[in-house]
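**Student:** Those letters in the sequence shown? Residues 107 to 618, by the working numbering.
Quick reminder that beta carbons are idealized off the backbone N, C-alpha and C, glycines included.
Nothing here was measured: the structure is a model prediction, and the numbers come from that model.
Here you go, one structure.
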Amino acid sequence: AKKLFLNKGVYDGWTQKQLAPPFTREELKAAAHAAWKHGAKLASVTDEASLGKLLSSLDKILFDPSYEPMGVDKSPPKGKDLITASAANYYEGLTLKDVASYKETHPLNSKLVKRGGKIEERVYRAKGDGLYGAQLGKVVEALRQALPHAQDAQRKNLEALVEYLETGDHEAYRRHAIGWVKDTSTVDLILGFVEQYGDPRGVHGEYEAAVFAVDRGRSALMQKVAAEAGYFERRMPWLDAYKRTEFQPPVASAVLPLTLAGGAGPVTPVGINLPNDQDIRQLHGSKNFYLTSVEAAATAAHGKILAQHLLLPAHRAEYERCASSAYAASVALHEITGHGSGKVNPKLTGDPLAALREYGSTLEEARADLVALHASWDPKAFEIGLLPDQGCARAMATAYPARMLMRWRMVPTGDALHEDHMRAQALIVRYAAERGAVREQQVDGRWYLAVTDLDAWRKAVGELLAELMRIKAEGDHVKARELVEKHGAKLVPAWRDQVVARLKEAGVPPRH
């Protein structure tokens with residue numbers, strides 16, 4: 107039950123593999139019958155026959171490992187494609203070839219269904235024949251109750267959000283997003299169909315709902331970074347043609363999450379940058395959140411493990427001195443100067459994520475990480491107090507391969523990576539390793555993956571960052587595929603196995 111709750115279903119959130127239950131179908135049947143006889147309410151069960159029907163409906167998904175084994179499969183086996191190999195339910199009766207030239211009118215809040223040989227776009231909305239209408243109706247009702255308590259600007263944004271959830275109209279969503287990025291209310295929210303990681307094509311969004319209270323005391327640093335967004339943009343290593351010259355100051359806040367649902371929880375990111383629409387970012391700005399309580403919990407859970415078990419002994423003291431500031435800096439730079447940076451080629455029609463399709467989210471996460479790694483060495487980072495000194499920029503660099511390995515331990519078998527953040531980290535580290543910046547080292551008989559040449563590391567970061575910005579700006583799907591398939595689609599089993607064995611020996615749980 108805990109695994110299903112944390113992963114929001116029967117697929118592991120990192121590996122996308124089906125979770126095998128720790129019991130047999132016979133044990134489940136016996137437990138269900140015993141529970142029902144003692145008064146438990148089990149879905150729509152009213153008698154023995156309906157209980158048997160319920161159990162039968164669960165049989166394949168729980169006990170047949172060959173039935174829809176992957177939630178999202180970014181490396182489909184022979185004879186399958188991204189859609190047919192993935193259990194994600196954004197497509198019904200369709201193949202990747204069927205939708206190759208299809209353009210959704212409701213790209214975030216819909217699913218595609220094949221009916222009578224034609225593609226039908228089923229929209230998530232509260233009114234009419236919308237999917238999940240009853241559930242979205244309750245969301246709309248709650249938002250309407252909130253309207254009298256909102257300030258004028260926020261109320262206008264919420265009204266546009268209500269219209270979007272009721273009608274599914276994408277233009278209503280855009281009005282909400284454009285107003286929302288400028289809103290600085292003390293209590294803020296993210297609500298709607300947002301992140302596209304769960305769609306193998308990278309088009310349809312997962313429902314997400316989060317409410318935050320601004321942490322005024324810790325927002326000053328985020329706001330300093332936001333104020334220097336134009337400066338950091340000018341210092342980026344990509345072509346001037348793809349640098350933004352006009353900025354709407356991004357809203358940046360440290361926040362305390364009050365509730366997190368759907369795509370926002372129960373496992374939640376430390377930093378968030380929205381909206382994902384490139385044209386809204388360029389013309390109207392973006393909004394950035396740094397979830398301070400989540401960061402504190404993550405540092406407490408992972409910091410000492412990473413330092414003691416995965417970093418070279420020579421790098422540990424510096425990392426422990428810098429860990430808190432380096433982590434905060436990486437989040438701020440990733441979200442504000444990473445996702446919020448760059449502009450696209452005017453010849454590119456449509457959003458670059460749509461052009462890059464299944465590789466878009468991976469490249470965007472890698473690009474944002476690279477921006478943070480590149481900007482951490484800039485004198486401005488020390489001037490505004492983002493990092494204490496160059497030693498902490500060095501700690502960000504030396505810790506990066508170790509952070510990747512911390513995630514790789516969650517893929518105990520096989521070598522395929524399907525989750526976009528994992529793919530992004532692999533792309534960066536393996537690219538840097540190919541250029542001699544990251545190497546395997548033995549110290550006192552123990553194995554490490556380390557940044558051994560900082561000059562080569564910084565050069566590799568700059569080269570890859572410039573290329574990823576070009577790919578995004580031009581919607582170069584061919585080069586995106588080449589880079590991800592070469593460096594990001596697979597892990598190195600020998601590296602992973604070293605870390606799994608070491609952390610197991612140290613008593614660190616694989617999902618710590």
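#1: Going by other Cβ atoms of all chains shown within 10 Å of its Cβ, with 16 needed for buried, is A607 buried or exposed?
#2: If you draw a straight line from the alpha carbon of E591 to that of P183, how long is it in whole angstroms?
#3: Near Q122, what residues of its chain come up, given a Cβ to Cβ distance below 6 angstroms and the 5 sequence neighbours on each side ignored?
#4: Just checking, does the segment 266–276 make contact with the segment 222–231 on the three C-beta pairs under 8 angstroms criterion?
#5: By a C-beta neighbour count over all protein chains shown, 10 Å radius and 16 as the cutoff for buried, is V268 buried or exposed?
#6: Do you know offhand how far G115's Cα is from T374's?
#7: If I follow the unbroken beta strand (DSSP E) through F299, where does it start and stop?
#8: Quick one: using the 10 Å Cβ neighbour count with 16 as the cut-off for buried, is S482 buried or exposed?
#9: Quick one: measure Cβ to Cβ for A572 and P343, integer angstroms, because I've assumed they're closer than 8 angstroms.
#10: For V584, count neighbouring C-beta atoms within 10 Å of its own C-beta (all shown protein chains included) and say buried if the count is 16 or more, exposed if not.
#11: Compute the distance between the beta-carbons of M79 and R513, then report whether it is under 8 angstroms.
#12: What are the complete beta strand (DSSP E) segments, minimum 3 residues, inside the segment 153–230?
#13: Rounded C-beta distance between G119 and G308? I'm assuming under 8 angstroms.
#14: Tell me, to the nearest whole angstrom, how far the beta carbon of A532 is from that of W563; I am working on the premise that it is less than 8 angstroms.
#15: Among residues of its own chain, excluding the 5 on either side of Y425, which ones have a beta-carbon nearer than 8 angstroms to its beta-carbon?
#16: What residue range is occupied by the uninterrupted beta strand (DSSP E) comprising G377?
#17: Quick one, are the C-beta atoms of V300 and L362 less than 8 angstroms apart?
#18: Pairs of beta-carbons, one from the segment 447–464 and one from the segment 542–562, closer than 8 angstroms: are there three or more?
#19: Does DSSP put W553 in a helix, in a strand, or in coil?
#20: Short of 7 angstroms in beta carbon distance, which residues of its chain neighbour L264, apart from the five on each side in sequence? Order them along the chain.
#21: Short of 8 angstroms in beta carbon distance, which residues of its chain neighbour A126, apart from the five on each side in sequence? Order them along the chain.
#22: Of the choices G377, K108, E132, Y238, whose alpha-carbon is the least far from that of G158?
#23: With DSSP run on the structure shown, which of helix, strand or coil describes E352?
#24: Just verifying my parser: in three-state terms, what is the DSSP assignment at N451?
#25: Taking just the CA atoms, how far does G581 sit from D457?
#26: Measure the Cβ-Cβ separation of I386 and V287 and say whether it is below 8 angstroms.
#27: On the three-state DSSP scale, how would you describe R515?
**Tutor:** In short, the structure shows the following:
#1: In the sequence shown, residue 607 corresponds to position 501, counting from 1. Per the 10 Å Cβ criterion, exposed.
#2: As a first step, residue 591 must be located in the sequence shown, where it is residue number 485. As a first step, residue 183 must be located in the sequence shown, where it is residue number 77. Their backbone Cα atoms lie some 14 angstroms apart in a straight line.
#3: As a position in the sequence shown, residue 122 is number 16, starting the count at 1. The residues are M176, G177, V178, H524.
#4: yes
#5: The residue given as residue 268 occupies position 162 in the sequence shown. That one is buried.
#6: Here residue 115 corresponds to residue number 9 of the sequence shown, with the count starting at 1. Here residue 374 corresponds to residue number 268 of the sequence shown, with the count starting at 1. Computed Cα separation, rounded: 16 angstroms.
#7: The residue you call residue 299 lines up with position 193 of the sequence shown. Start and end: 293–299.
#8: Translated into positions along the sequence shown, residue 482 becomes position 376. That one is buried.
#9: As a working mapping, residue 572 is identified with position 466 in the sequence shown. As a working mapping, residue 343 is identified with position 237 in the sequence shown. That pair is a contact at about 5 angstroms.
#10: In the sequence shown, the residue the question calls residue 584 occupies position 478. Exposed.
#11: Lying before the first or after the last residue shown, residue 79 is absent from the chain, which here runs from 107 to 618.
#12: 216–221, 224–229
#13: To locate residue 119, count along the sequence shown from 1; it is residue 13. To locate residue 308, count along the sequence shown from 1; it is residue 202. With a Cβ gap of about 17 angstroms, G119 and G308 do not count as contacting.
#14: Looking up residue 532 in the sequence shown gives position 426. Looking up residue 563 in the sequence shown gives position 457. With 8 angstroms as the limit, A532 and W563 do not qualify as a contact, their Cβ atoms being about 16 angstroms apart.
#15: Position 319 of the sequence shown, counting from 1, holds the residue named residue 425. Within the same chain, Y425 has close Cβ partners L412, A413, L417, A432, A501, T504, A505.
#16: The sequence position of residue 377 within the sequence shown is 271, counting from 1. Note, G377: beta strand (DSSP E), 377–380.
#17: Counting from 1 along the sequence shown, the entry for residue 300 is found at position 194. Counting from 1 along the sequence shown, the entry for residue 362 is found at position 256. Contact: no.
#18: no
#19: Walking along the sequence shown from the start, residue 553 turns up at place 447. Here W553 sits in strand by DSSP.
#20: Within the sequence shown, numbered from 1, the residue matching residue 264 stands at position 158. Taken in chain order, the residues that qualify are L249, A252, L253, A256.
#21: Here residue 126 refers to the residue found at position 20 when the sequence shown is read from its first residue. Here the set comprises P171.
#22: For this step, residue 158 is matched to residue 52 along the sequence shown. Comparing Cα positions, the closest option is E132.
#23: In the sequence shown, the residue the question calls residue 352 occupies position 246. Looking at E352 - three-state DSSP - the assignment turns out to be coil, as it is neither helix nor strand.
#24: Here the question's residue 451 lines up with position 345 in the sequence shown. Here N451 sits in coil by DSSP.
#25: One-based indexing of the sequence shown puts residue 457 at position 351. One-based indexing of the sequence shown puts residue 581 at position 475. Going from the Cα of D457 to the Cα of G581 covers about 8 angstroms.
#26: Here residue 386 corresponds to residue number 280 of the sequence shown, with the count starting at 1. Here residue 287 corresponds to residue number 181 of the sequence shown, with the count starting at 1. Yes, these two residues count as a Cβ contact at 8 angstroms.
#27: As a working mapping, residue 515 is identified with position 409 in the sequence shown. Coil, per DSSP.
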